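Comments concern the structure below.
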Amino acid sequence: MIDRRDPPLQPIGRVVATEQKPATPHQFHFWTANETTIGIGAIVRVEAAGEAPGKGEGGRVVWGVVTDACAYSDLATPLHDVVGAEGDPARAAESPTARQEIRLWTAAVLRQRPEEPLQPVPLGGVHLATDADVAQALRMDAYLGGAEPRGIPVGLYTSGGLEAPVYLDADFL
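Written out as structure tokens, the structure is:
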């Protein structure tokens, strides 16, 4: 029903954890480029490959859904921007340097592999979900595979150019 051989995609972001915004087993934060196709409601996958012993958590995969977003600049307070433009918004564009801006996203964890022990989300690359990721994140893999798949198509998940089928377990009905 779902093609599980997805090509490897480049990460669209990276998990970041700070003292004020830590990664937990239930929520994580990540940054992306300012120009991105991601938005609220997007399903993402975090992978921590652990390329060398002692680096990363080899094999841990986390799926999450984006719940919030914000943009930051390098200003300590909004007052600095007002003073820099001498109180005139039209003069803000005349500043000699462009302000650095980042996009920070918050995602709620939908699923982790392995499921035990439940751990904070690792600092790894963030990828847009593929069809197979949507099936894993929404736990549809339990009834889409096996000798007798029992998934009933009920809709379509769309986000960032992806259109993934969504199924319901026939035994649930």
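So in this note's numbering, the last spot in the sequence shown is 174, and the numbers never skip.
Note that the Cβ used here is the ideal one computed from N, Cα and C, for glycine as well.
It should be emphasised that the depicted structure is a prediction, and the values quoted were computed from it without experimental measurement.
Following the DSSP letters along the chain, one finds residue 40 in no alpha helix (DSSP H), marked with neither H nor E.
Under the DSSP definition of a beta bridge, residue 65 partners with 45 and 110. Between residue 158 and the set 168, 34 and 94, the nearest pair of CA atoms involves 168. In the assembly as shown, residue 154 is an exposed residue. Its beta-carbon has fewer than 16 other beta-carbons within 10 Å. Cβ neighbours of residue 76 within its own chain (closer than 8 angstroms, five residues either side excluded): 82 and 100. Assigned with DSSP and collapsed to three states, residue 75 falls in coil, not helix or strand. The Cβ atoms of residue 125 and residue 48 lie closer than 9 angstroms to each other. With fewer than three CB-CB distances shorter than 8 angstroms, the segment 18–31 does not count as touching the segment 83–95.
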